[in-house]
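Protein chains in written order, with the working numbering: chain S, 1 to 175; chain P, 176 to 350.
The beta carbon of each residue, even a glycine, is placed where N, CA and C say it ideally should be.
Just below is one structure, and these are the notes that go with it.
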DNA sequence: GTCTATAGGACGATAGAC
DNA sequence: GTCTATCGTCCTATAGAC
């Protein structure tokens, strides 16, 4: 069920992990290779340059983003609840998209391609939220509330204790 | 009224500008010095190292943060409105704290001292909002809405068109 | 207080063995 | 597919003139 991931996936995981734990400044080919338990040469066989590594993360944002929206549509708890729940970080949050998003956020403003991928992701969510909330402005409002929770996650805060209260507040707005 | 800023201030402004426009990857002593119109040696006279430059930005977050909260307390429009307005980016937004915050956000996750300064700033705002909203959870909610708007600003989006609608939504919650 | 020049180190990427 | 070794570049920081 959980076989050892391929070297390529391990390398991308290592890239994410270092971004989340130490930030963009700690990203060197050597550090990523060491964490993925390959040599620098081994890394460069799979990703021909540092930029290829970045593109790998962007592709992951795209693929996992689609999966995430599909899961949201099918979630018994409903789209809004699913969205807010996946926006908070708590000790047990280990969803793949959550880690990929946190890693990508560390690169915002550094690479235009990352900014664009993140904008696309937030806008896709906005559209899905609009379908389920029935109001364009309220959809923006819920979307941006989730973004705020993500910013706090980026700062290392655990916001899970706010989740139920926030859902109750949105319920008062008819959401 | 607006004399030419001292070299030290110009250097810190240049540091911020490059962070906002090109990200942490574009920060080199040479690039900052060029933008501030001093030489590399001139820069290093005022800030003895790259880390000193970072500390300068952190200090600015602290000082401007205090000023910002004071202005919010005195704002005729009220604290909540002031907060949301200063969280959106539009073409005319040139408040000093806004630019400093956007620059500091580019460094989140890279330097623990930055994360701490940003957490302190958001928590001070939360406390002020709680005084004026009268409810702890609602204060967190408004605070995080502003954070979400800031994240969008970080992505290069203009969210000013949402401001009035968001204020109206909060009014429905008795805020 | 501001400059030029350069030492010294870190990093990305290539070459080639296995 | 994975490794070691190495080259060339870019960057921080220092030294010292003005």
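Of all Cβ atoms in chain P, is any one closer than 8 Å to the Cβ of residue i?
i, result
"residue 15 of chain S", "no"
"residue 97 of chain S", "no"
"residue 140 of chain S", "yes"
"residue 106 of chain S", "yes"
"residue 156 of chain S", "yes"
"residue 32 of chain S", "no"
"residue 29 of chain S", "no"
"residue 79 of chain S", "no"
"residue 65 of chain S", "no"
"residue 62 of chain S", "no"
Under the three-state reduction of DSSP, which class applies to residue i: helix, strand or coil?
i, result
"residue 316 of chain P", "helix"
"residue 269 of chain P", "coil"
"residue 106 of chain S", "coil"
"residue 48 of chain S", "coil"
"residue 135 of chain S", "coil"
"residue 173 of chain S", "coil"
"residue 202 of chain P", "coil"
"residue 155 of chain S", "coil"
"residue 217 of chain P", "helix"
"residue 6 of chain S", "coil"
"residue 67 of chain S", "helix"
"residue 100 of chain S", "helix"
"residue 75 of chain S", "coil"
"residue 264 of chain P", "coil"
"residue 212 of chain P", "coil"
"residue 287 of chain P", "helix"
How long is the line joining the alpha carbons of residue i and residue j, rounded to whole angstroms?
i, j, result
"residue 212 of chain P", "residue 230 of chain P", "21 Å"
"residue 166 of chain S", "residue 343 of chain P", "18 Å"
"residue 281 of chain P", "residue 274 of chain P", "11 Å"
"residue 96 of chain S", "residue 298 of chain P", "29 Å"
"residue 234 of chain P", "residue 71 of chain S", "44 Å"
"residue 118 of chain S", "residue 153 of chain S", "16 Å"
"residue 48 of chain S", "residue 15 of chain S", "14 Å"
"residue 266 of chain P", "residue 250 of chain P", "22 Å"
"residue 25 of chain S", "residue 110 of chain S", "12 Å"
"residue 278 of chain P", "residue 264 of chain P", "13 Å"
"residue 268 of chain P", "residue 194 of chain P", "17 Å"
"residue 332 of chain P", "residue 129 of chain S", "19 Å"
"residue 11 of chain S", "residue 114 of chain S", "19 Å"
"residue 334 of chain P", "residue 82 of chain S", "24 Å"
"residue 146 of chain S", "residue 330 of chain P", "15 Å"
"residue 33 of chain S", "residue 101 of chain S", "21 Å"
"residue 173 of chain S", "residue 197 of chain P", "39 Å"
"residue 228 of chain P", "residue 112 of chain S", "25 Å"
"residue 45 of chain S", "residue 51 of chain S", "13 Å"
"residue 164 of chain S", "residue 84 of chain S", "10 Å"
"residue 188 of chain P", "residue 210 of chain P", "9 Å"
"residue 77 of chain S", "residue 350 of chain P", "28 Å"
"residue 317 of chain P", "residue 214 of chain P", "44 Å"
"residue 127 of chain S", "residue 218 of chain P", "48 Å"
"residue 17 of chain S", "residue 171 of chain S", "36 Å"
"residue 86 of chain S", "residue 232 of chain P", "32 Å"
"residue 132 of chain S", "residue 307 of chain P", "32 Å"
"residue 41 of chain S", "residue 300 of chain P", "48 Å"
"residue 73 of chain S", "residue 291 of chain P", "37 Å"
Can residue i be considered in contact with the ligand NAP, in the sense that its beta carbon sits closer than 7 Å to one or more heavy atoms?
i, result
"residue 220 of chain P", "The ligand NAP is absent from the structure shown, which contains no ligands of any kind."
Cβ of residue i less than 8 Å from any chain S Cβ?
i, result
"residue 309 of chain P", "no"
"residue 275 of chain P", "no"
"residue 264 of chain P", "no"
"residue 231 of chain P", "no"
"residue 341 of chain P", "yes"
"residue 301 of chain P", "no"
"residue 344 of chain P", "yes"
"residue 326 of chain P", "yes"
"residue 199 of chain P", "yes"
So residue i and residue j are supposed to be a Cβ contact under 8 Å. How far apart are they, rounded?
i, j, result
"residue 236 of chain P", "residue 296 of chain P", "6 Å"
"residue 315 of chain P", "residue 162 of chain S", "6 Å"
"residue 108 of chain S", "residue 323 of chain P", "The Cβ separation is near 14 Å, so there is no contact."
Does the contact criterion of 3 or more C-beta pairs under 8 Å hold for the segment 200-210 of chain P versus the segment 240-254 of chain P?
Contact fails between the segment 200-210 of chain P and the segment 240-254 of chain P, because fewer than three Cβ pairs, one in each stretch, are under 8 Å apart.
Report yes or no: do the segment 304-323 of chain P and the segment 182-193 of chain P share at least 3 C-beta pairs separated by less than 8 Å?
Under the Cβ criterion (8 Å, minimum of three pairs), the segment 304-323 of chain P does not count as touching the segment 182-193 of chain P.
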